[in-house]
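Below is one structure, written out as structure tokens, with a few remarks after it.
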Amino acid sequence: MSKNEKPKFAMYWADSCGGCDIAVLNIHEKILDVDANFEVVFWPVAMDAKYKDVEAMPDKSILLTLFNGAIHSTEHEHVAHLLRKKSKILVAFGSCACEGCMPALINLSSKKDFFDTVFTTISTVNPENIRPQTSVKVPEGVITLPEMYSVVRTLDQVVPVDYYMPGCPPESHQIAAVIDLVIQVLQGKAELPPPGTVIGAGNSTVCDECPRKRDIKKIKKFDRIQFIEPDPEICLLEQGIFCSGLATRSGCEAKCPSAGSPCIGCYGPAEGVLDYGARLMSAVASVIDSTDPVEINQILDGIPDPAGQIYRFNMAGSLLQACKDAWNRK
Amino acid sequence: MNNDDTFEPVIIGFTCNWCSYRAADTAGTARVKYAPNIRLIRLMCSGRLDPTFVLKALANGADGVLITGCHPGDCHYVEQNYKALRRFHLLKRVLTQMGIEPGRLKLVWASAAEGAILAAEFDKFINEVRALGPLNLPLQKQKTFSTPALEEVAA
Amino acid sequence: MSEKIGVYVCHCGTNIAGIVNVEEVSQWAGSRLKDRGVVIARDYKFMCSSLGQELIEKDIKELGLTRVVVAACSPHLHERTFRTACERAGLNPYLCELVSIREQVSWVHTDKIAATAKAEAVLSGGVERVIHNEPLEPLKVPIHPDSLVVGGGIAGIQAALELADGGNHVYLVEREPSIGGHMAQFDKTFPTLDCSACILTPRMVQVGNHPNITLLTWSEVTKVDGYVGNFEVAIKKKARYVNTELCTGCGICVEKCPKKVVDDVFEAGMAKRKVIYIPFPQAVPNFPVLDAPNCTFFQKGTCKACEKFCPTNAIDFNQKDEDITVKVGNIVLATGYDLFNPRRIPQYGYGRLENIFTSLEFERLCNASGPTGGNIVLKDGITPPKTVGIVHCVGSRDQNYNGYCSAICCMQSIKFAHLVHERTGADIYNFYIDIRTPGKSYEEFYQRVLDEGTHFVRGKVAEVTEVARSPEEEGKLIIQVEDTLIGKQRRIPVDMVILSAGLEPRYDAKETGKLFGIACSADGWYIERHPKLDPIATMTEGVFIAGCVQGPKDIPATVAQGAAAAARIQGKIQQGEITLEPIRASINEDQCSGCRICNDLCPFSAILYHEDRAVSEINAALCQGCGTCVAACPAGAISGTGFSNEQILAQIEGLLLLNIDQKESKKVLA
């Protein structure tokens, strides 16, 4: 145990891609402020530490833990509980921990389909159909692997969470702002926001920050961005491109639509919204320019994968969360 | 789950104040009988139908959801039922991808005088959902509206 | 801090208690929903009675209730009753909910156990919802004292005169050149046999002269904006091609006009009129109208006889339609009916065989100012009929056409029988299904006509044919009918057939309804607010209906409705302002991103966009409270009072019994 007086900091990756950790490092020199103000006690991507080191720490001895990644296995859940126990402030960091993000898309399939695909079809040469086991007897004894859950969950569906930082990844300038805030709190110059607050994000949706010109929406056809030459000045949705910005929390400076790409929803729902997908579905469907069911369906055919597109980042945090088969542990 | 082995579906029905809710009342006044599996919620207009309500009902124990409103062209608020129609079609596609049988969500139009017709539609839908069996999504307490407060953090 | 909820379960005599175990429901609420805030749960025989209401008021005062849920009949009946009771006791009325366990439970289910379980679930839904109710204050808007009456028939005339006599200004809009409607076409009215024109024209003249009535004939409403108390109505005054400032109504232009066309409006196609015409001698206003599509000048550029001969230079071929906008507080729709077209019943021979007339055509035949000067004669114009057949229920009480009864055809047919008897002495047969004579002196009139010797045959006419089967039938129209009272088929040869065609909604009633924001039933008549207790109001505040637009009826009932609509409006004008239900949407500006999804979703144009602030805003007075924008906003920035997300989501949880122990809830569902 360190005899250092500095408050302790931890960052952990559950079911994630590593992008959140990189985003933290992407604050460039500000990382030195982190080093100056905190003692990093546990950060698998950046330093060597073992779970037993964390288990040995006193409860609530880690001041700030940034937990990224979704909960997909028994290991993830174990560490979530562990870090909750040992941390004063637990932040669900990044879309995976907040809403499920990419890993949660597997909730659209049963665990059986998931494993069949991974272990016998596309990504592996596995002629003997060997599957991972949760425990295997070997000459030296028994070795275990964490079990994968059939339903991916968000961090707050497993442990109580203090703050949420959305984004895939959270924008580095927002991370820098949060770090500044925490340092100010440490110095007694600022107060922490109420527990449960979404930090590092705006109050409204992406349209608030988007520079494109907006008018009344009437959609006669949905187009894919690669098939048309969209006007760079006008709202993408008005041009038939399915842009999720209208339902997605602001804070990212609308980088994607500014660059000509539709928002895909990584900052999650706006304040107080119960189900992100419901808001997006309702808004987009309401402005379809037709009163005839046949024509409406023809227009909707322009969205080839509505569940995937609408719940791309927000499946685990949604009301239904997973398909029937996944829930029934098939 | 039930006292005996026969499954009885629970249906949540959304009605609009001016047409379908009145139609349900008309069915009542005329003593038209239908199965008790459906529980109705009154909205001012089918245009108020937020997909969140449908998802919530399904996530919280309903086996089927029926959306009702004024006939196209007869909406008390002129054309808001068309918005419900469009949302219904997109919602149905998403639910199907989530493995929820499309037959669990239905849209029916009824005018205030069509009590007997609406009652027949209720019975029809209840039978259709009964044939599909229970939805059996596990109820998750954290999805309930009255979310327990997060643990206080002593900063 | 939880609310203090009072729960009241009504027996409604045995209406609810006969099927739902109301005591059990009340006890269940008191114990199982105690943790949700229910502090008292009562059941009572008639909650809507004054004693029932007093139970609620007492509990509010003594127990400090902050919410009330009543499980009884439909909110459409008694929501106001219980909300007013709460208000009297000092609780904001919008903190009270009424859930229906009668129309939607006890009256429609037979399984008592299931019905009781459902009643508990419905009550639970109401309790969860009411927790999220907020105290609301109704909106008050001023009432513009002017009114609009659309339709210048007897209903519209009555409404306009009552309003005008009451000291209020009225716009009376009529799309034909003169007011009078169908009543102006009739000869005599039943049962008094008053000359229709004689009793109608004094009223018409009153309208024409009344200082408080702005009469706009040959005009149509094109757009209606606004809301009760504050309507803005666009009216198109069609070009008459006559300058009414200069016209004296002398009629020389009509006399000199060289061209005649069939008059299929006033004369029901039985006679011709000139291209420039006054529809009938007693027309109000007495200005002619030029039928431009048929006018030689407009077609070929020649003639202009009317202009040449007009002594005051009142003819103006350059006149254009004029569009005006008026502000009114209330609107009465009294646009009347169309006649069922008997051509749709080919076996009755109308339009194919001669001497078969519809009721309106026959009225013109009887009328002294009609095509035959009031002589009842065959198509040759000379020969009076020796036998006449009058067919009731043409296109009415018929699954193939209109299922409803047209209310006036029996009396009308009996009246025709009397007139034919009086003027021709012919042998008369009336063919009926039932004789419907409910009004004052109606039955006596029927007796009188029976005494005159008219034959009444009970049977629906199968066919009117000219194919003779015997010498007596040659050259006649033969009515084939089953005489059900003697159980025999009969063939009755007649010279003339009168078809009492049913009443139908106007061909454009639906479009007109849309213009004013009101809806039609399946039969096409406008939907009243309550079929028994409020037949002249509609679901749209400020828009009233009177006369046959609401359904077939006789003149006394029509006049009563016109007067009723006027009385209702005068009451509102007197109060100066109207109270609107506070069910409205509003936008949280901070959360609004200006995405503009909402702007086009409002049919009442209540959602504005502010370019400078890049946010949208809802005009509370224009908002009708439908909630569509609330459901559509992708940022969740729009909330709606009375039907908020919180209320509805909580109600879903309550209905699914999530608020009580899970295992217990499944048992209740069985």
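Top line first, the protein sequences correspond to chains C, F and U.
Going by the numbering used here, the first residue of the first sequence is number 1, and it counts up by one from there.
Going by the numbering used here, the first residue of the second sequence is number 1001, and it counts up by one from there.
Going by the numbering used here, the first residue of the third sequence is number 2001, and it counts up by one from there.
Here a beta-carbon is modelled for each residue, glycine too, at the ideal position from N, C-alpha and C.
- Where F2643/U meets chain F, residues with beta-carbon distance less than 8 angstroms: Contact of F2643/U with chain F by beta-carbon distance below 8 angstroms involves L1043, M1044, R1048.
- Query: Applying the criterion that 16 or more other CB atoms from any shown protein chain within 10 Å of the CB defines a buried residue, is Y2507/U buried or exposed?
  - Reply: Counting C-beta atoms within 10 angstroms of its own C-beta, Y2507/U has fewer than 16 neighbours from the protein chains shown and is therefore classed as exposed.
- Burial state of N2168/U, where buried means 16 or more other Cβ atoms lie within 10 Å: It is buried - the Cβ of N2168/U has at least 16 other Cβ atoms within 10 Å.
- Message: By the 7 angstroms beta-carbon criterion, what residues does the segment 1093-1114 of chain F contribute toward chain C?
- Response: Flagged, chain order: R1093, V1094, Q1097, M1098, G1099, I1100.
- Message: V2099/U and G2126/U - do their beta-carbons sit closer together than 8 angstroms?
- Response: Cβ distance < 8 angstroms, so G2126/U and V2099/U count as in contact.
- Given I143/C, which residues of its chain have a CB within under 6 angstroms of its CB, disregarding the five upstream and five downstream residues? Same-chain partners within the cutoff: V136.
- Message: Assuming the contact rule is C-beta atoms closer than 8 angstroms, D2534/U and E2528/U should be a hit. Round their C-beta distance to whole Å, please.
- Response: Between the beta-carbon of D2534/U and that of E2528/U there is about 6 angstroms, and that keeps the pair under the 8 angstroms contact cut.
- Message: Let me see if you follow: with CB-CB separation under 8 angstroms, is W2028/U close to chain F or not?
- Response: By this cut-off, W2028/U is not an interface position.
- Message: My output table needs one value for F1125/F: the three-state DSSP class, helix, strand or coil.
- Response: Reduced to three states, the DSSP call for F1125/F is helix.
- May I ask you to report which of helix, strand or coil DSSP gives F2416/U? DSSP places F2416/U in the helix class (H, G or I) of the three-state scheme.
- From what residue to what residue does the alpha helix (DSSP H) around Y2526/U run? Unbroken run through Y2526/U: none, as it is neither H nor E.
- Mind checking whether G18/C and N314/C have CB atoms under 8 angstroms apart? Contact flag unset, no.
- Query: Hey, C2548/U and G2301/U: beta-carbon distance below 8 angstroms or not?
  - Reply: No, the Cβ-Cβ distance between C2548/U and G2301/U is not below 8 angstroms.
- Message: Quick check: A2197/U and S2359/U, are their CB atoms within less than 8 angstroms of each other?
- Response: The answer is no: Cβ separation not under 8 angstroms.
- Among G2524/U, W2107/U, K2327/U, A2283/U, the one whose alpha carbon lies nearest that of E2176/U: Comparing Cα positions, the closest option is A2283/U.
- Message: Please report the distance separating the alpha-carbon of G1115/F from that of A2565/U.
- Response: Distance between the alpha carbons of G1115/F and A2565/U: 28 angstroms.
- Query: For D1972/U and chain F, any beta-carbon pair shorter than 8 angstroms?
  - Reply: Residue coverage of chain U in this structure runs from 2001 to 2670, which leaves residue 1972/U outside it and unanswerable.
- Message: On the DSSP letters alone, give me the boundaries of the beta strand (DSSP E) that K2327/U sits inside.
- Response: First-last of the beta strand (DSSP E) with K2327/U: 2322-2328.
- Query: What's the gap between the Cα of K112/C and the Cα of Y2008/U?
  - Reply: Cα atoms of K112/C and Y2008/U: separation of roughly 52 angstroms, rounded to the nearest angstrom.
- Message: So T1026/F contacts chain C; which residues on that side make the cut at Cβ distance below 7 angstroms?
- Response: In chain order: nothing, as chain C lies at least about 26 angstroms away.
- Query: What's the gap between the Cα of G1064/F and the Cα of N1037/F?
  - Reply: Taking the straight line joining both Cα atoms gives about 10 angstroms.
- Query: Using 8 angstroms as the limit for Cβ to Cβ distance, is N1060/F near chain U?
  - Reply: Interface residue (Cβ-Cβ distance to chain U less than 8 angstroms): N1060/F is classified as such.
- Quick one: is P332/C buried, meaning 16 or more other Cβ sit within 10 Å of its Cβ, or exposed? The requested residue 332/C is not part of the displayed model; chain C covers only 1 to 330.
- C-beta neighbour in chain C for H1160/F, strict 8 angstroms: Here chain F comprises residues numbered 1001 to 1155, so residue 1160/F is not present and cannot be evaluated.
- Item | Residue nearest to T2014/U in terms of C-alpha spacing, selected from E2057/U, E2443/U, K2112/U, D2187/U | When only C-alpha atoms are compared, the closest one is K2112/U.
- What alpha helix (DSSP H) runs, 4 residues minimum, are completely inside the segment 2082-2132 of chain U? List check, alpha helix (DSSP H) in window: 2112-2131.
- Query: If you draw a straight line from the C-alpha of C2410/U to the C-alpha of T2192/U, how long is it?
  - Reply: Approximately 15 angstroms, taken between the alpha carbons.
- Message: Can you tell me whether P2582/U is helix, strand or coil according to DSSP?
- Response: Correct three-state label for P2582/U: coil.
- Task: State yes or no: is the C-beta of R1104/F within less than 8 angstroms of the C-beta of L1135/F?
- Result: Yes, the pair counts as a contact, with Cβ atoms nearer than the cut-off.
- Message: Alpha carbons only, please: which of R2088/U, A2085/U, L2077/U, R2083/U is nearest the one belonging to I2101/U?
- Response: Of the candidates R2088/U, A2085/U, L2077/U, R2083/U, the one whose C-alpha sits nearest the C-alpha of I2101/U is L2077/U.
- At which residues does the beta strand (DSSP E) containing M148/C begin and terminate? Element bounds for M148/C: 148-153.
- Query: Going straight from the alpha carbon of D2338/U to that of I219/C, what length do you get?
  - Reply: Take the alpha-carbon of D2338/U and the one of I219/C: they are about 41 angstroms apart.
- Could you tell me if G2373/U is buried or exposed, where buried requires 16 or more neighbouring beta carbons within 10 angstroms of its beta carbon? So G2373/U ends up on the exposed side.
- Item | Alpha carbon of L2365/U to alpha carbon of F2186/U, nearest angstrom | Those two C-alpha atoms are separated by around 10 angstroms.
- Item | Nearest-angstrom Cα separation, counted from T65/C out to A2635/U | For A2635/U and T65/C, the distance between alpha carbons rounds to 29 angstroms.
- Query: Considering Y163/C, what are the terminal residues of the alpha helix (DSSP H) in which it resides?
  - Reply: Bounds of any alpha helix (DSSP H) do not take in Y163/C; it lies within the beta strand (DSSP E) bounded by 163-165.
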